[in-house]
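A.B. asks: Just remember that this note's numbering sits 1 ahead of the position in the sequence shown, which is counted from 1.
Each residue gets a CB set at the ideal place from its N, CA and C atoms; glycine is no exception.
This structure is a prediction, so every number in the text was calculated from the model and none was measured.
Quick one: the structure is below, and I'll ask about it shortly.
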Amino acid sequence: MFGPTLWRLLAAIGLAYVPLLWMNSEEAWLWWAALAAPVAGALGWRAGVEPAGQGSWLRLWPGALVVAAWGEAWLWVTWWYPVEFSREAWWGGLGAVMGLAALGWGVALIGSRLVGWSVGRAALWVAAATAVLFAWPIGFGLSGAPHWSPATTALALSCSPAGLALECAGWDWMRMPAIYEPAGADRIGPDLRIGWGSLAGWGALVVGCFLAAGGQIRLRRSTPPS
Numbered sequence: 002m003f004g005p006t007l008w009r010l011l012a013a014i015g016l017a018y019v020p021l022l023w024m025n026s027e028e029a030w031l032w033w034a035a036l037a038a039p040v041a042g043a044l045g046w047r048a049g050v051e052p053a054g055q056g057s058w059l060r061l062w063p064g065a066l067v068v069a070a071w072g073e074a075w076l077w078v079t080w081w082y083p084v085e086f087s088r089e090a091w092w093g094g095l096g097a098v099m100g101l102a103a104l105g106w107g108v109a110l111i112g113s114r115l116v117g118w119s120v121g122r123a124a125l126w127v128a129a130a131t132a133v134l135f136a137w138p139i140g141f142g143l144s145g146a147p148h149w150s151p152a153t154t155a156l157a158l159s160c161s162p163a164g165l166a167l168e169c170a171g172w173d174w175m176r177m178p179a180i181y182e183p184a185g186a187d188r189i190g191p192d193l194r195i196g197w198g199s200l201a202g203w204g205a206l207v208v209g210c211f212l213a214a215g216g217q218i219r220l221r222r223s224t225p226p227s
């Protein structure tokens, strides 16, 4: 049973490190992490392959390892590239990256217990949801004027994993060229939206771990004693 788990772990961790071979900035890597970290968390989940009676909390180790590996990747990224981070931005970026991976892990695990997702289906659903939230602020790449009202755009900006990753790490995400004109960010004032602070990613980490624990508790209650 360890074989499939090992390959999933290698894929989930590799998603964090392989892009370093061609990406040339922390910003580019954070954009990538916003898309890939939740999927990596879902891949790191060890679901539906253990025989009955395997309800131990030790079954959570693959997901926890993936979350930690993505955090370590952020440490390498900030060491390798030349941008100087403030302590607050560095800490916020670490929390955001780990939080996104934990959310993918937790959603996949709780989804498996509630609706019977397999590992592959969980990863696909998490990838689809992440892509939708990622592209929602800019109208899914469609050309023309901003597609949403200011209030809806503000909500989309707050729900985007890219916004969480970049804003927690200290970037003014709403003023980036990829967002400012396509989303119509000039219409969004502080009355509609305030950017994520450095602690938001750590909140996401807590929520993701809470979901993973909830899925494990449900498993333990539904698994007959051996």
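Measuring only the C-alpha atoms, how far is residue 148 from residue 136?
C.D. replies: Answer to the nearest angstrom: the Cα atoms are 12 Å apart.
A.B. asks: To the nearest angstrom, how far is the alpha carbon of residue 106 from that of residue 62?
C.D. replies: Rounded to the nearest whole angstrom, the C-alpha separation of residue 106 and residue 62 is 11 Å.
A.B. asks: What is the C-beta distance between residue 162 and residue 131, in whole angstroms, given that I count them as a contact (C-beta under 8 Å)?
C.D. replies: 6 Å
A.B. asks: Return the Cβ separation of residue 112 and residue 126 in integer angstroms, given the expectation that the two are a contact with Cβ distance under 8 Å.
C.D. replies: 7 Å
A.B. asks: Going by CA-CA distance only, name the one from 92, 103, 43 that's closest to residue 120.
C.D. replies: 43
A.B. asks: Would you identify the three-state DSSP class for residue 86, choosing helix, strand or coil?
C.D. replies: coil
A.B. asks: Of all the alpha helix (DSSP H) runs that stay within the bounds of the stretch 116 to 196, which reach a length of 4 or more residues?
C.D. replies: 120 to 136, 151 to 160, 162 to 169, 178 to 184
A.B. asks: What residues in its chain sit with their C-beta under 6 Å from that of residue 171, if we drop five residues either side in the sequence?
C.D. replies: Around residue 171: 90.
A.B. asks: Take the Cβ of residue 26 as the centre, count every other Cβ of all protein chains shown within 10 Å, and call the residue buried at 16 or more, exposed below.
C.D. replies: Classification of residue 26: exposed, given that the 10 Å Cβ count is below 16.
A.B. asks: Quick check on the DSSP output: the alpha helix (DSSP H) that includes residue 229 runs from which residue to which?
C.D. replies: Nothing can be reported for residue 229, as the shown portion of the chain is limited to 2 through 227.
A.B. asks: With residue 115 and residue 39 assumed to form a contact (beta carbons below 8 Å), what rounded beta-carbon distance in angstroms separates them?
C.D. replies: Actually they do not touch by this definition, with Cβ atoms about 18 Å apart.
A.B. asks: So, with DSSP's three-state summary, where would you put residue 200?
C.D. replies: coil
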